[in-house]
């Protein structure tokens, strides 16, 4: 919808007809807000909706077709084959320019019972409504198992805790939040347990046990059986590219649609792609990456829309910044973890510092742990991770900006960051971490390591 | 004290004797915390003290002489002439290396009555104790006038409001917080009034009226007479360089001691200077500047100490970042204001956006206004200002980092900043502001402006 409205800004309705096809019942909403609506922090589903189909029609001359699923592309004829789930019919829509914005689908391992009633992936607002309906339904829900301890899994775990449910998170890896290094993930683990969430790490799920009524009854891990009235999958997502791949549109090594900087598919003229379904590049590792995140999706949609509208814009790639909050625990990362740095061929040192979000003596000073990964010898920052309480996580942005500019940790330690007692210690935790990382680089050089 | 402890880390006591001379009764404390102690937010003065003289002696072999005021330098003989206020005697200390860290002194205009009892500048912990003593003294204090609506003035105004006093801030300029552009300053003005602070802008102070007891009785502005039991000066500070200048040490155009990148005075071998008494360079305007701020002072002291200790470090200058909070109002700036850009010879466009600190639908989403100043044609960011509520101001750091790297607002709009509903809208206010500033750059080019 961002692509559509940007294109409309530059080309009026007499010049460009715009039709948006949506399989589900909602468009233009904050998918990232779904866990907070499930948890009741956000009171109405309408709060998550930015613009309705009626608003797009009235304000932008954009026609939105809900429950219209694109089921095939005929690129030779430049037509989209569409299943209209409402009227139960098939339609064809011709196009000059096509934007693929098919998003991502939750990873769903092939396990016995995974298709049972009561097992949910949570990606779309329709998914969120299904979970809410299950929670409010006739079958009482008391015990929830969350499979996977990543961003979505933990945000959902918080939502269920807030609803007073018994929550267990099952994670195959040794620590939750695998998007962090394990040492930082362990800090998250400790905090989760203090919130009353049961955490079972290093326990892959073997099967979902289904009751005689066809509903989930328990989750079986390699170690135990966890009774469950409701199961949600938080194993991550993959780009939803079946439609594109079937039509021969090129998909990259990460499984996302390959595009150029203007968000044109590399294989087909007049076919664009944006959002969770595409592949982009990580500016640190220089490797292709697929990151499902609303902020990238919006930027990419804007780029596609501006270009379709006759302007010029490019998407510059990502550095891998992400943030989440679980109750009052804040978690953020950017750039490369240790294992990413290994994979990308970098040699590195690390530094971990503990500090406070405000001057230590100032009321509301909360703990913050910052970890930096810096290249050996050059001292170039490769990645950063933050775990802390209120006021900790947003500091990741300054590290993302320094990563973008390929700064060394020595340079970062000299940055003119804001200081006043309600906002930071006299040395901001970011500066302390950079100083310590530079010490590690120097010590490594002095030790004659190669 | 940072210079002293850094030097000690690299050179042990049998190699380097370190003596610290302090005119007052305290060392190694957070001067920035003084308003919060006066206001009672910080309960004990001890909380502001990082290390005591005894700790420096025991832990670092650093001898601290309190109430020892350096009153003269004999650079030919390499001696400091010292007045010991405790024993009422004069001493001489020889040195091989001398670090000048004489700080800043509050600006005190030459006005009738300015020297009266009850008129305070607040720079040192001794000053803070004097204000506390006046508030807790026999003479009841009900009405306070703060002269000057800058950082220190407003922080003190908050402190007095928190103590239940009647507070008037008198500011000669048209808006408070002259470190912002007037349009942003007006946002601060509105917020201050809503906090119950009386604000009188555009009213220079003419005189302080003194009672028969020699104590302040009122402040006379060009417009009115303001009864006052206590007056504090918040007109800013100037580098305290009398000692250095008397000895012929070079002082720059800003009034601060001129140093090289290693914090050596440019005029004398073995004489170093760091902190509020020195001049540094603004990396955006490339002009010399004197900024009194604890974080720079610490960095500079560390640089001097490392170099004296035989290591190598440099101070890279500043971009002019500053932040403050007045009750729940957050104010931050970095880089050049419009008038600074004019002075530096830049032509520019501006953009101001209003957004929220979290996703608009998320509880605790607070207003934030971001203003950017960007160079015409190139689109290079020149400066940024933020006024908002909780969670707004620390975003200045990412703008400081982009300024440091001479990024354009178009590049900034592409940055991979963290997004999740508890932390930001899907477009962080920083990104929205950068986008809008880039639109302004493009519109300006399209209009053929030169």
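Protein chains in written order, with our numbering: chain A, 27 to 476; chain B, 27 to 476.
Ideal Cβ placement from N, Cα and C applies to all residues, glycine included.
Could you work out which residues of chain B lie near residue 194(A), taking near to mean beta carbons separated by less than 8 Å? Working through the first chain from its first residue, we reach residue 194(A) at position 168. Those within 8 Å of residue 194(A) in chain B number zero; the least Cβ separation is about 23 Å.
Can you check the segment 265-299 of chain A for any alpha helix (DSSP H) of at least 4 residues that lies completely inside it and give the ranges in chain order? Listed in chain order, they are 268-272.
Put residue 49(A) into one of helix, strand or coil per three-state DSSP. Here residue 49(A) corresponds to residue number 23 of the first chain, with the count starting at 1. In this structure, residue 49(A) counts as coil in the three-state DSSP scheme.
In three-state terms, what does DSSP make of residue 250(A)? As a working mapping, residue 250(A) is identified with position 224 in the first chain. Residue 250(A): coil per DSSP, three-state reduction.
What does DSSP give as the partner residues of residue 146(B) in its beta bridges? By 1-based counting over the second chain, the position of residue 146(B) is 120. 258(B), per the DSSP bridge assignment.
For residue 351(B), which residues in chain A fall below 8 Å Cβ to Cβ? Position 325 of the second chain, counted from the start, is the residue given in the question as residue 351(B). Going along chain A in sequence order, the residues near residue 351(B) (Cβ under 8 Å) are 446, 448 and 449.
Which partner residues does residue 348(B) have in the DSSP bridge list? Locating residue 348(B) in the second chain gives position 322, where the first residue counts as 1. Paired residues: 359(B).
By the 10 Å Cβ neighbour count, where 16 or more other Cβ atoms means buried, how is residue 248(A) classified, buried or exposed? As a position in the first chain, residue 248(A) is number 222, starting the count at 1. The residue is exposed, with fewer than 16 neighbouring Cβ atoms inside 10 Å.
Minimum C-alpha distance to residue 169(A) - residue among 434(A), 160(A) and 376(A): Here residue 169(A) refers to the residue found at position 143 when the first chain is read from its first residue. Looking at the Cα atoms, 160(A) is the closest of the given residues.
My output table needs one value for residue 9(A): the three-state DSSP class, helix, strand or coil. Residue 9(A) lies beyond the stretch modelled for chain A, which goes from 27 to 476, so this question has no answer here.
How would you label residue 301(B), buried or exposed, when you count the other beta carbons within 10 angstroms and need 16 or more for buried? The residue labelled residue 301(B) in the question sits at position 275 within the second chain. Buried, by the Cβ-count rule.
Any C-beta of chain A under 7 Å from that of residue 443(B): Reading the second chain from its first residue, position 417 is the one you call residue 443(B). Interface residue, yes.
Neighbour list for residue 324(A) in chain B, Cβ cutoff strictly below 8 Å: As a position in the first chain, residue 324(A) is number 298, starting the count at 1. The contact set of residue 324(A) on chain B, defined by CB atoms closer than 8 Å, consists of 452 and 453 in chain order.
Could you compute how far the alpha carbon of residue 344(A) sits from the alpha carbon of residue 280(B)? Here residue 344(A) refers to the residue found at position 318 of the first chain. Here residue 280(B) refers to the residue found at position 254 of the second chain. Their backbone Cα atoms lie some 42 Å apart in a straight line.
Hey, how far is the Cα of residue 36(B) from the Cα of residue 328(B)? Taking the second chain and counting its residues from 1, the one referred to as residue 36(B) is at position 10. Taking the second chain and counting its residues from 1, the one referred to as residue 328(B) is at position 302. Just so you know, the alpha carbons of residue 36(B) and residue 328(B) end up roughly 12 Å apart.
Is residue 59(B) closer than 7 Å to residue 447(A) when the C-beta atoms are compared? Mapped onto the first chain, residue 447(A) falls at position 421. Mapped onto the second chain, residue 59(B) falls at position 33. In contact: residue 447(A) and residue 59(B) (Cβ atoms closer than 7 Å).
To test your reading of the DSSP string, which unbroken beta strand (DSSP E) runs of 3 or more residues are found completely within the segment 94-179 of chain B? The qualifying runs are 94-100, 105-110, 115-120, 124-126, 130-132, 145-147 and 169-173.
Among 322(B), 294(B), 431(B) and 90(B), which one has its Cα closest to the Cα of residue 129(B)? As a working mapping, residue 129(B) is identified with position 103 in the second chain. Minimum Cα distance to residue 129(B) is reached at 322(B).
Interfacial residues, the segment 386-414 of chain A to chain B, with Cβ spacing under 9 Å: Closer than 9 Å at the C-beta level to chain B, one finds these residues of the segment 386-414 of chain A: 386, 387, 388 and 389.
Terminal residues of the alpha helix (DSSP H) in which residue 420(B) lies: Against the second chain, residue 420(B) aligns to sequence position 394. Here residue 420(B) belongs to no alpha helix (DSSP H), and DSSP marks it neither H nor E.
Under 7 Å between C-beta atoms of residue 381(B) and residue 283(B): In the second chain, the residue the question calls residue 381(B) occupies position 355. In the second chain, the residue the question calls residue 283(B) occupies position 257. Contact: no.
Kindly indicate if chain A contains any beta-carbon less than 7 Å away from that of residue 431(B). Your numbering for residue 431(B) matches position 405 in the second chain. Chain A contact via Cβ: present.
Hey, is residue 422(A)'s beta-carbon within less than 7 Å of any beta-carbon in chain B? Here residue 422(A) refers to the residue found at position 396 when the first chain is read from its first residue. It does: the Cβ of residue 422(A) has a partner Cβ on chain B nearer than 7 Å.
Which residues bound the alpha helix (DSSP H) around residue 84(B)? By 1-based counting over the second chain, the position of residue 84(B) is 58. Under the DSSP assignment, residue 84(B) falls in the alpha helix (DSSP H) whose first and last residues are 79-86.
Can you tell me where the beta strand (DSSP E) with residue 450(A) in it begins and where it stops? As a working mapping, residue 450(A) is identified with position 424 in the first chain. Run containing residue 450(A): none; DSSP gives neither H nor E here.
Return helix, strand or coil for residue 398(B), following the three-state DSSP convention. Mapped onto the second chain, residue 398(B) falls at position 372. Residue 398(B) carries a strand assignment under DSSP once its states are collapsed to helix, strand and coil.
Excluding five sequence neighbours on each side, which residues of the same chain lie with their C-beta closer than 7 Å to the C-beta of residue 426(B)? Residue mapping note: residue 426(B) aligns to position 400 of the second chain, counting from 1. Only residues of its own chain outside the window of five on either side were considered, and among them 345, 347 and 360 have a CB closer than 7 Å to the CB of residue 426(B), listed in chain order.
Checking 7 Å against the spacing of the C-beta atoms, do residue 387(B) and residue 73(A) come in under that value? Translated into positions along the second chain, residue 387(B) becomes position 361. Translated into positions along the first chain, residue 73(A) becomes position 47. At a Cβ-Cβ threshold of 7 Å, residue 387(B) and residue 73(A) count as neighbours.
Cβ closer than 8 Å: which chain D residues qualify as neighbours of residue 342(A)? Here the protein chains are A and B, and chain D is not one of them.
Assign residue 238(B) to one of three DSSP states: helix, strand, or coil. Walking along the second chain from the start, residue 238(B) turns up at place 212. Residue state, collapsed to three classes: coil.
So what's residue 212(A) in DSSP terms, helix, strand or just coil? Working through the first chain from its first residue, we reach residue 212(A) at position 186. In the structure shown, residue 212(A) sits in a helix (DSSP, three-state: H, G or I).
For residue 381(A), list the residues DSSP reports as bridge partners. Working through the first chain from its first residue, we reach residue 381(A) at position 355. Under DSSP, residue 381(A) takes part in a beta bridge, and its partners are 394(A).
Go ahead and label residue 141(B) buried or exposed: buried means 16 or more other beta carbons lie within 10 angstroms of its beta carbon, across all protein chains shown. Sequence index remark: in the second chain, residue 141(B) carries index 115 (1-based). With fewer than 16 other Cβ atoms within 10 Å, it is exposed.
Where residue 57(A) and residue 173(A) are concerned, what is the direct C-alpha to C-alpha distance, given to the nearest angstrom? On the first chain, residue 57(A) is found 31 positions in, with the first residue counted as 1. On the first chain, residue 173(A) is found 147 positions in, with the first residue counted as 1. Rounded to whole angstroms, the separation of the alpha carbons of residue 173(A) and residue 57(A) is 19 Å.
Closest by CA to residue 357(B), which one among 436(B), 471(B), 42(B) and 202(B)? Translated into the one-based positions of the second chain, residue 357(B) becomes position 331. The shortest Cα separation from residue 357(B) among 436(B), 471(B), 42(B) and 202(B) belongs to 202(B).
Cα-Cα separation, residue 354(A) to residue 109(B): Numbered from its first residue, the first chain carries residue 354(A) at position 328. Numbered from its first residue, the second chain carries residue 109(B) at position 83. Approximately 53 Å between the Cα atoms of the pair.
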